[in-house]
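Peer 1: What follows is a single structure, and I will ask about it in a moment.
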Amino acid sequence: MKNSVLFQYMKHKAALIFLVLNKNQHIIEANNYAIELIGNDILNKSINEIALDFSKSIDFKLIVNDESKRHLLNIITEKGLPQTYYFTFMHTDSETIAIGETNSSEIEDLRMSLVSMNNELSNLTRELHKKNAELIKLNDLKNQFLGMAAHDLRNPIGIVLNYSEYLLDETSDTLNDEQIELMDTIKNTSRFMVNLLNDLLDISSIESGKLTLDLAPSDISKFITTNCALNQVLAIKKNIKIVSEIESSLPLITMDENKMVQVLNNLITNAVKFSLPNTEILVKAIKSEDKLVISESDQGQGIPQNEIKNLFKPFERTSVRSTRGEKSTGLGLTITRRIIEGHKGTITVESTVGIGTTFSIIIPYQ
Amino acid sequence: MDKYEEYFKNLLDGNKSACAGIVNNLLNESIDIMDLYTLYFQQSMYKIGELWEFNKISVSKEHLATAITESMMSFVYPKIFGAEHNGKKVIVSCPVNEYHQIGPKMVADVYELHGWDSYFLGANNPDDELFRLIEEKKPDLLALSLSIYFNLPSLIKVIEKVKNFYPNLPIIVGGQAFNWGGRNSLNQFPSIDYIEDVKMLNSFIE
Numbered sequence: 000m001k002n003s004v005l006f007q008y009m010k011h012k013a014a015l016i017f018l019v020l021n022k023n024q025h026i027i028e029a030n031n032y033a034i035e036l037i038g039n040d041i042l043n044k045s046i047n048e049i050a051l052d053f054s055k056s057i058d059f060k061l062i063v064n065d066e067s068k069r070h071l072l073n074i075i076t077e078k079g080l081p082q083t084y085y086f087t088f089m090h091t092d093s094e095t096i097a098i099g100e101t102n103s104s105e106i107e108d109l110r111m112s113l114v115s116m117n118n119e120l121s122n123l124t125r126e127l128h129k130k131n132a133e134l135i136k137l138n139d140l141k142n143q144f145l146g147m148a149a150h151d152l153r154n155p156i157g158i159v160l161n162y163s164e165y166l167l168d169e170t171s172d173t174l175n176d177e178q179i180e181l182m183d184t185i186k187n188t189s190r191f192m193v194n195l196l197n198d199l200l201d202i203s204s205i206e207s208g209k210l211t212l213d214l215a216p217s218d219i220s221k222f223i224t225t226n227c228a229l230n231q232v233l234a235i236k237k238n239i240k241i242v243s244e245i246e247s248s249l250p251l252i253t254m255d256e257n258k259m260v261q262v263l264n265n266l267i268t269n270a271v272k273f274s275l276p277n278t279e280i281l282v283k284a285i286k287s288e289d290k291l292v293i294s295e296s297d298q299g300q301g302i303p304q305n306e307i308k309n310l311f312k313p314f315e316r317t318s319v320r321s322t323r324g325e326k327s328t329g330l331g332l333t334i335t336r337r338i339i340e341g342h343k344g345t346i347t348v349e350s351t352v353g354i355g356t357t358f359s360i361i362i363p364y365q
Numbered sequence: 000m001d002k003y004e005e006y007f008k009n010l011l012d013g014n015k016s017a018c019a020g021i022v023n024n025l026l027n028e029s030i031d032i033m034d035l036y037t038l039y040f041q042q043s044m045y046k047i048g049e050l051w052e053f054n055k056i057s058v059s060k061e062h063l064a065t066a067i068t069e070s071m072m073s074f075v076y077p078k079i080f081g082a083e084h085n086g087k088k089v090i091v092s093c094p095v096n097e098y099h100q101i102g103p104k105m106v107a108d109v110y111e112l113h114g115w116d117s118y119f120l121g122a123n124n125p126d127d128e129l130f131r132l133i134e135e136k137k138p139d140l141l142a143l144s145l146s147i148y149f150n151l152p153s154l155i156k157v158i159e160k161v162k163n164f165y166p167n168l169p170i171i172v173g174g175q176a177f178n179w180g181g182r183n184s185l186n187q188f189p190s191i192d193y194i195e196d197v198k199m200l201n202s203f204i205e
């Protein structure tokens, strides 16, 4: 009676693997737990068909015949992931009873390790968010400081620039060549500093999330023609020709014209700086689907491929040098990209060393 | 099914992505952080704890629900850590062998919401680590949490040590363990406040 109750329990309810093997070590009976774990086709399989043996070196016959200890076997489960069971084999005259159990203390250790690791991970996540918030605050402070410093420096430097220009214009006939050269250096240096301070002010306001766009419908054809003509005045000094090709009847585009002037000027002045004399800069505008595409191509020196990814980062410089020693603040393209992104657009670069560079701006028609 | 019931059902089923969906919706609807903490995270975990205590769910299920809740709390962090700081600092910790850290983590977050800098040391925290942080941060307050009553001796031990080395450091104590007793054992120490729940904590900070 007791044996029968025990057998029924093992067969139907026990949470362990219970198998009966014949003399050939094939499974002739399996309990519900084993069938659910290993699969309906468990019967008639041999023990080596349900257990993993990566190195093909396990002597299953020896294991099954060894009643003296428990044997660790990794069982192939129906769900895919193998599970570890500790097997005890007991023999009768004609059959072998195999019982596979899990190690509860091992599982408990694992559970506690997972709890600890989860605690650690979630605490690190919290720490990371806290540090991130601190960094955002520090970055805001940096931008605030940068903005204030640039703003306070811009006026005095602007005065130096204006006075040096005035002196050069009004008193150049009373100055000797050396004095004119010195005044010219003061003028050029202070102009560079004013540009740098303007760029720093732009960057600090953009970084602080204060990029405000004054959006209005613009005639892109007029916009490009006017700005190409203005830049031609500077380009002519290097005998560089600026050409524009604009698709006819382009619809009005909604944009901040002042900010887009900054973008176009940045791209064209960069092209002039890095192009050799007697070359051409081409500015094109077309409508592609519901987007406006403005491209600016030069016949300059080109940018090595591995340096393109750094082009839009602040203060990053490429190995390419301007052809007449013109200076750059290192912020122009960063500001350009932020302005384009503010218009929900993108800017891309294609360049071949020795052939030239093309910047393409894509802005959606809204 | 109301939102809380839906959240609780998914938490009990271990359905993390469904819980995340509900929490993110609540955050998008600008739920008050304290409401999210008390009406969802705290209420659901109290219920889970109760189900475990009455042998209705396994400890594994309880741990899974805990892990999911901690994960849900991380969605709130961007809203918590933006507050202006008032220069005050609190260290929040659990004694050795105390593995339940959601409650104390909420305490640390509530302090952050009130502009304090909170340093959360986590569960099962060795005394040395706590003392190292007290030395480093010089906090204005120490908050200790106890969820399992049997860990009370560990808590008393750490309070004794802290009071010995830092007699002027105020301490607050709280946690589910005190539902089973032990509050009187805190009376032997000066400058210790027992905080019953998040609502009381809010009033205490204010």
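In the order they appear, the protein sequences are chains A and B. Using numbering that gives the first Met the number 0, the letters of the first sequence correspond one by one to residues 0 to 365. Using numbering that gives the first Met the number 0, the letters of the second sequence correspond one by one to residues 0 to 205. The C-beta atom is built at its ideal place from N, Cα and C for all residues, glycine as well. What you are looking at is a predicted structure, and each value in this text was computed from that prediction instead of being measured.
(1) Which word fits A/L140, buried or exposed, when buried means at least 16 other C-beta atoms lie within 10 angstroms of its C-beta?
(2) List, in order along the chain, the chain A residues whose C-beta lies closer than 8 angstroms to that of B/S59?
(3) Tell me whether the segment 318 to 331 of chain A and the segment 266 to 277 of chain A touch, counting them as touching only if at least three CB pairs, one residue from each stretch, are closer than 8 angstroms.
(4) Between the segment 330 to 344 of chain A and the segment 197 to 208 of chain A, do three or more beta carbon pairs fall short of 8 angstroms?
(5) Counting only runs of 3+ residues fully inside the segment 278 to 347 of chain A, write out the beta strand (DSSP E) ranges in chain order.
(6) By how many angstroms is the C-alpha of B/Q187 removed from the C-alpha of B/N96?
(7) From B/P94, B/V109 and B/N27, pick the residue whose C-alpha is nearest to that of B/A82; which is it?
(8) Could you work out which residue in B/I171, B/K160 and B/G121 is closest to B/L140 when comparing CA atoms only?
(9) Please give the ranges of any beta strand (DSSP E) in the segment 45 to 129 of chain B, keeping only runs that are unbroken, at least 3 residues long and fully inside the region.
(10) Output the boundary residues of the alpha helix (DSSP H) element that contains B/A19.
(11) Mind checking which residues open and close the beta strand (DSSP E) that includes A/M89?
(12) Threshold first: 3 residues or longer. Then list the beta strand (DSSP E) segments lying entirely within the segment 67 to 132 of chain A, N to C.
(13) Against chain B, with Cβ distances strictly below 8 angstroms, would A/N122 count as a contact?
(14) Can you check whether the C-beta of B/E69 is within less than 8 angstroms of a C-beta belonging to chain A?
(15) A/D201 lies in the beta strand (DSSP E); which residues open and close that run?
(16) Quick check: B/Y3 and B/Y36, are their CB atoms within less than 8 angstroms of each other?
(17) Using a beta-carbon distance below 8 angstroms, is A/N117 in contact with chain B?
(18) Name the one or two DSSP bridge partners that A/M254 has.
(19) Taking CB distances under 8 angstroms as the criterion, tell me whether B/A87 reaches chain A.
(20) Select from the segment 124 to 139 of chain A all residues with a C-beta closer than 7 angstroms to any C-beta belonging to chain B, and list them in chain order.
(21) Where does B/W115 land, buried or exposed, given buried means 16+ other C-beta within 10 angstroms?
(22) From A/F86 to A/A33, what does the alpha carbon distance come to, in whole angstroms?
(23) List the whole-angstrom C-beta distance separating A/I267 from A/N230, where the pair is believed to meet the contact cut-off of C-beta under 8 angstroms.
(24) Out of B/F164, B/F149 and B/W51, point me to the one whose CA is closest to B/E134's CA.
(25) Closest by CA to B/D196, which one among B/Q42, B/A17 and B/D31?
(26) What are the boundary residues of the beta strand (DSSP E) that B/Y193 is part of?
(27) For A/F59, does the three-state DSSP call read helix, strand or coil?
(28) When you check each C-beta in the segment 186 to 202 of chain A against every C-beta of chain B, which residues fall closer than 9 angstroms?
(29) In its own chain, which residues sit with a C-beta less than 7 angstroms from the C-beta of B/Q100, not counting the 5 before and 5 after it?
(30) Select from B/V161, B/E28, B/I147 and B/P103 the residue whose C-alpha is nearest the C-alpha of B/D127.
(31) Mind listing the chain A neighbours of B/K174? Cutoff is C-beta to C-beta under 7 angstroms, in chain order.
(32) Hey, how far is the Cα of A/R190 from the Cα of A/K236?
(33) Do you know how far the Cα of A/H90 is from the Cα of A/E66?
(34) Since B/K157 and B/S117 are thought to touch, with beta carbons under 8 angstroms apart, how far apart are those beta carbons, to the nearest angstrom?
(35) According to DSSP, what are the bridge partners of A/L18?
(36) Among A/L233, A/A228 and A/L249, whose alpha-carbon lies nearest the alpha-carbon of A/V242?
Peer 2: Reading it off the structure:
(1) The residue in question, A/L140, is exposed, as its Cβ has fewer than 16 Cβ neighbours within 10 Å.
(2) At a beta-carbon threshold of 8 angstroms, the residues of chain A lying near B/S59 are R110, ordered along the chain.
(3) The answer is yes - the segment 266 to 277 of chain A touches the segment 318 to 331 of chain A, with three or more Cβ pairs under 8 angstroms.
(4) Yes, the segment 330 to 344 of chain A touches the segment 197 to 208 of chain A.
(5) 279 to 287 and 290 to 296
(6) 23 angstroms
(7) B/V109
(8) B/I171
(9) 88 to 92 and 116 to 121
(10) K15 to N27
(11) Q82 to H90
(12) 70 to 74, 82 to 90 and 95 to 100
(13) yes
(14) yes
(15) Per DSSP, A/D201 belongs to no beta strand (DSSP E); it is in the alpha helix (DSSP H), D176 to E206.
(16) no
(17) Judged by the 8 angstroms Cβ criterion, A/N117 is in contact with chain B.
(18) A/A215
(19) Sequence inspection shows Lys at residue 87 of chain B; the Ala mentioned does not correspond to that position. Taking Cβ atoms only, chain A never reaches closer than 8 angstroms to B/K87, which makes this a no.
(20) Result list: T124, R125, H128, K129 and A132.
(21) Under a 10 Å Cβ-count criterion, B/W115 is classified as buried, with 16 or more other Cβ atoms of the shown protein chains found around its own Cβ.
(22) Each residue's alpha carbon lies about 13 angstroms from the other.
(23) That belief holds up - the Cβ atoms of A/I267 and A/N230 are roughly 4 angstroms apart, short of 8 angstroms.
(24) B/F164
(25) B/Q42
(26) I191 to Y193
(27) helix
(28) Listed by position along the chain: nothing, the set is empty.
(29) C93, G121 and A122
(30) B/V161
(31) The sequence shown places Gly at residue 174 of chain B, rather than the Lys named in the question. In chain order: nothing, as chain A lies at least about 16 angstroms away.
(32) 18 angstroms
(33) 8 angstroms
(34) In the sequence on display, residue 157 of chain B carries Val and not Lys. Actually they are not in contact, since the Cβ atoms of B/V157 and B/S117 sit about 18 angstroms apart, beyond 8 angstroms.
(35) Bridge partners of A/L18: A/A29 and A/A97.
(36) Nearest Cα to A/V242 within the set A/L233, A/A228 and A/L249: A/A228.
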